[in-house]
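Going line by line, the protein sequences match chains S and A.
Using the numbering used here, you'd call the opening residue of the first sequence number 30 and step up by one each time.
Using the numbering used here, you'd call the opening residue of the second sequence number 989 and step up by one each time.
Notes follow once the structure below has been shown.
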Amino acid sequence: MRRNFDAIWMVARREFLDQFRDWRIVVPMLLLISLFPFIADDTTRQAVTFMNRFGGELILDSLIPFVVLVIGFFPLSFTLVVALESFVGEKERGTIEPLLSSPLEDRHMYLGKLLVGVTTPLVFSYTSIVIYLILVSRRSVEFPSAYMLTLIFLLTFAHAVLMVSSAIVISVQATTIRAANLLASFVVVPVAFLMQGETVLIFWGNEDVLWYAIAGVTLLAGMIVRLGLSHFRREYLLGREIDNLNIKMIGRKFRNRFVGDARSISEWYRRELPITLRQLRQPLLIVTVLALLAGIASYVWVVVNVPIYIDITPDRVDEFRELVAGNLTSLDLLSEQLPAPVLFFYNARATVTFLLLGLVSFGTLGLTLFLVNIGLVGGVLGAASLVGFSPWLTFAAGILPHGIFELSAVFLATAAMLKVGAQLVTPQPDKGLGEVLLVSLADWFRVFIGIVVPFLAVAAVIEVYLTPVLIKLAFPYL
Amino acid sequence: MIETNDLSKQFNNEFWAVDGVTLNVQPGEILALLGQNGAGKTTTVRMLTALLSPTRGWARVAGYDVTKNPQEIRSNVGVLTEQHGLYMRMTAIEYLEFFGRAYGLDANTRKSRSDYLLEYFCLTEAARRRTGEYSKGMKQKLALARALMHDPAVLLLDEPTSAMDPESSRLVRDEIARLRSSQRTIIICTHNLAEAEALADRIAIIYRGKILLNGTLDELKREVLGAVEYEANFAEAFDADELDLPPGVILVSRSATSLRFRIEAPQVANPKLVHALTSRNAPLVSFHEVSRKLEQVYLKTMADAQGVLYAA
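Here is the structure:
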C-alpha cells in the first residue's frame, strides 16, 4: 500500500514540478482565479439590478450558490488541458518511452497523472471560490449556508474527477495533442449540461437532492477511472502513430463480428446468435432480477402510498371505472390512432435510447430508464388493484399477450446494453478501447436485429389488434 | 542474456514490422543491430523491453520471459531510446533521482550512482541546470546515464553516440566496453558502422523485419564478400604468368607491380604462396590482407536484399 502510494506520488510530484515551472499554465490560471471572482461578483449584482428593474424580483442571495458552482467550473475547464495532454503530450515530446520502460506499474502512472490532473484544477477552483466568498461576505447579502457550501465543494470535486478522468482516457487513446484537444468538448459540454441540471436543483431549493447528483457524478467518475485503467496499454501508447479513421477496417471488423462464420441467415440464427445469447445469461439474470424488484417495489409503493394521498372512496372508484370504460371504447380505434408500425418504431427507439444512455454511463443510465419503465408497469397494476381490478387479470389480458414478445425483446436489449457497458470497463489485454466498443456494439446489434426487431414487430401487431380484444373479453362488465 | 526465437510483431493485422527474429546474446557480449530506418530495430528493442508484445515467437531477457514477466524485465534492462526523452524542466539531478526512484533504488544508491554517472559523463557542472538548456550531446549523455542508473544486467542502446562530439563518443564507447567486460549483455542499434565495427562482438543486419545476417565481423565478411583477399606489392614489374599457385588460392586481379589473391585458408595457403613468390625471385615489398570494412558488408547485403547491383 505504502509502496503503491509512493510510486503514485513520485509520478504526480514530477508532473507538479513540470506544471508549476511552466508559465503558460501558471500565469493564465493566476489571472483567472484572481480576476474571475471579481467579474462574477460584479456581473451578478448588475444582472440582479437589471432583472429587478423589469419586475424580475431576483434576489442576489439565491444566485450566489449558482455563481459559486460556475466559478468552480471555469478553472476546471481551463486546466483540463493538463489532463488532456498527460499521456499524449509525453508521447509527442518523446518522454513516454523511458517512463514506460521503467518498472513503474500501469496504475502508478495512471493514478499519478490522475492525481495531478484532479489536484491542480481543484486548487485553482477552490481558491477562486474562496476569493468570491470573501467578496460576498463583505456585502449585505445572506451568506450561503455551510451545508450548501459543503455540497457545492463536493460537487466541484466530483466534477473535477469526472472531467479529469475522462480527459485522461482521451489522452491515453489519442495519438496527438491536437486530437486530444479536439475531443475536449466531449468532456466540457456534457459536464456543462450536467451543471445546468444541478443549477435547477439549486434554484429549486431542495438542497438534499444535490446528494444524488454528487453520488451519481462520483459513481460515473469512478467508472471512467476504471475504464481508463482497464484499457491502459503501454503497447497502444507506443504502437499507434497517427489518427487514421479507417472506415473500411471498422466496417470489416463490425461485419465480421456481426456475421461471424455464418454463410446464410438460417445458419446465423442457428449457430451465431445462440453464441451471443449464451453470453447474455448473466446480464439477463441481473436485468430480470432488478426488473422484478422494480416492478414489485413500484406495485407495493402505489398500493401502500396512493391511499395516503388520495382518499379512495367507492364513488371515486366508480368514477375511475367509468373513465376506464370510456377509454375502452376508444380501443377499437387504436389501430388508427396508433398504427402498429408507429408503435413498433416507438418501442425500437426506446431500446436504442437505452443503448445510447448506456454507452455514456457504462450501462447505468440505460438500466435506470429500463427500470423506470418496468416500475410504471408495476405502478399501473398497483393502481388497477386499488380500484378493484384483478392485477393478475389486468396483466394477463392487457400486458402479457404482446408482453411475451415486447418484454422479452426489451429485457434482451437491456441485457445486451448492460454487457456493452460492462465490456467497456473490463480489462481486455488483446484489444484496444475502440475495438472493444466495436465488438460490443456488433454483439448488441446481433441481438437487436436478430431478436429485438422481429419481436417488437410482432408485439406491436398483437398490441394493436389482439390486446384490445382480450381486454374487452377480460373486463366485459365495463 | 538475451534469447529470442521466431520473434515477430505484426501491426494492424497487416504489416509485419519484425518477422521471425532469432537472436542469442550472451553476458559479456555486444550485438550490433544494423538496418535501415523502419527495418524493425526499434520494434525489436521494444519487444525486448516488454513494451510491445510479440505476435509470434518468444523472447527471454535476463532470464525472464517478455510476455510473462514484463515487470522483472523492465527492472533488469536499461534502455536508451531513439529520442532522448528528457523532461526539459527538470535538472539532471532531479531527472536521475526520478528514474532512480522509479527503478526502486534506495537514497544512498541513487546519490552515489547519480554522482558517478554525472561525473563520468562530464555533466557535474551542469547538473543543476534544467535539461532544456543542454546541448544535443549533453542530452544524449544524460539519457545514457538514465539507462545506466540502476546498473542493469542488460542494455539496449539505440544510437548511443548520435549527436555527440568525438570526445564524448569515445567516453561512451569506453563505458560500453567497460560494461561488456563486467558481463553485461548489450544490444546496440546503430547506423554508425565504424562504431559497430569497433564495439560489437557480433553483428546482425535486419531488413524489413527479417534478420539477413548474424555473426562475427569476420564471418559476415566471408559470407558476404567471399574469401579473404591478399595483395602482394612488388618493387618492379613482375610477370606472374609462370607462378604456380598453391591449392585454394585464386588470382583475382593483377597490375604490373601488384597481384591480388583470394585465399580460402590463409593459414595453410599463405606460407606456400609467399614461398612460391620468393622462389620465383619476385621483388616482394609487402604482402597484406586487403582491408574490408563492415560498410562493404552492409551495403552489399542491402543491395542483394533489394535486388540491385552493389557498386563496390
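In this text, a Cβ means the ideal position worked out from N, Cα and C, and glycines have one as well.
Residue of the options minimising C-alpha distance to residue i
i: residue 213/S; options: 250/S, 350/S, 81/S and 192/S; result: 192/S
i: residue 398/S; options: 357/S, 443/S, 503/S and 418/S; result: 443/S
i: residue 1008/A; options: 1241/A, 1146/A and 1032/A; result: 1032/A
i: residue 395/S; options: 404/S, 379/S, 405/S and 408/S; result: 379/S
i: residue 1263/A; options: 1292/A, 1005/A and 1220/A; result: 1220/A
i: residue 245/S; options: 235/S, 348/S, 232/S and 226/S; result: 226/S
i: residue 251/S; options: 276/S, 32/S, 239/S and 194/S; result: 194/S
i: residue 139/S; options: 287/S, 347/S, 39/S and 472/S; result: 39/S
i: residue 327/S; options: 137/S, 408/S and 355/S; result: 408/S
i: residue 372/S; options: 464/S, 486/S and 421/S; result: 486/S
i: residue 385/S; options: 97/S, 325/S and 469/S; result: 469/S
i: residue 1189/A; options: 1177/A, 1182/A, 1179/A and 1203/A; result: 1203/A
i: residue 997/A; options: 158/S, 136/S, 264/S and 80/S; result: 264/S
i: residue 477/S; options: 405/S, 422/S, 382/S and 455/S; result: 382/S
i: residue 404/S; options: 219/S, 466/S, 325/S and 224/S; result: 325/S
Within-8 Å CB hit, residue i to chain S
i: residue 1049/A; result: no
i: residue 1037/A; result: yes
i: residue 990/A; result: no
i: residue 1077/A; result: yes
i: residue 1040/A; result: yes
i: residue 1092/A; result: yes
i: residue 1063/A; result: yes
i: residue 1105/A; result: no
i: residue 1167/A; result: no
i: residue 1046/A; result: no
i: residue 1032/A; result: no
i: residue 1026/A; result: no
Distance between residue j and residue i (C-alpha atoms, nearest Å)
i: residue 306/S; j: residue 291/S; result: 16 Å
i: residue 1298/A; j: residue 1184/A; result: 21 Å
i: residue 1231/A; j: residue 1214/A; result: 23 Å
i: residue 125/S; j: residue 267/S; result: 8 Å
i: residue 427/S; j: residue 497/S; result: 8 Å
i: residue 148/S; j: residue 492/S; result: 55 Å
i: residue 258/S; j: residue 425/S; result: 47 Å
i: residue 200/S; j: residue 431/S; result: 47 Å
i: residue 410/S; j: residue 350/S; result: 14 Å
i: residue 211/S; j: residue 281/S; result: 27 Å
i: residue 1178/A; j: residue 1042/A; result: 22 Å
i: residue 241/S; j: residue 249/S; result: 12 Å
i: residue 1104/A; j: residue 34/S; result: 29 Å
i: residue 938/A; j: residue 1283/A; result: Absent from the model: residue 938/A. The displayed extent of chain A is 989 to 1300, so no value can be given.
i: residue 80/S; j: residue 73/S; result: 11 Å
i: residue 141/S; j: residue 1087/A; result: 15 Å
i: residue 279/S; j: residue 109/S; result: 30 Å
i: residue 222/S; j: residue 216/S; result: 10 Å
i: residue 271/S; j: residue 1064/A; result: Summary for residue 271/S: the model assigns pLDDT 49, below 50, so the residue's position carries little reliability; its value from the coordinates is reported in the next sentence. Near 31 Å, if we compare the C-alpha coordinates of residue 1064/A and residue 271/S.
i: residue 153/S; j: residue 340/S; result: 55 Å
i: residue 1034/A; j: residue 1285/A; result: 26 Å
i: residue 1160/A; j: residue 99/S; result: 56 Å
i: residue 499/S; j: residue 422/S; result: 10 Å
Assigned secondary structure, residue i (DSSP; H/G/I helix, E/B strand, else coil)
i: residue 448/S; result: helix
i: residue 1054/A; result: coil
i: residue 139/S; result: helix
i: residue 1246/A; result: strand
i: residue 1214/A; result: coil
i: residue 1088/A; result: helix
i: residue 1225/A; result: coil
i: residue 454/S; result: coil
i: residue 505/S; result: coil
i: residue 1071/A; result: coil
i: residue 1195/A; result: strand
First through last residue of the beta strand (DSSP E) which encompasses residue i
i: residue 961/A; result: Outside the displayed range of chain A (989 to 1300) lies residue 961/A, so it cannot be described from this structure.
i: residue 1012/A; result: 1003 to 1013
Residue i at chain A interface by Cβ criterion, 8 Å
i: residue 30/S; result: no
i: residue 47/S; result: yes
Endpoints, alpha helix (DSSP H) assigned at residue i
i: residue 317/S; result: 310 to 338
i: residue 45/S; result: 31 to 49
i: residue 1107/A; result: 1095 to 1108
i: residue 344/S; result: 343 to 358
- What residues in the region 132 to 159 of chain S have a beta carbon less than 8 Å from any beta carbon of chain D? Annotation note: the requested chain D is absent from the structure, which comprises protein chains S and A.
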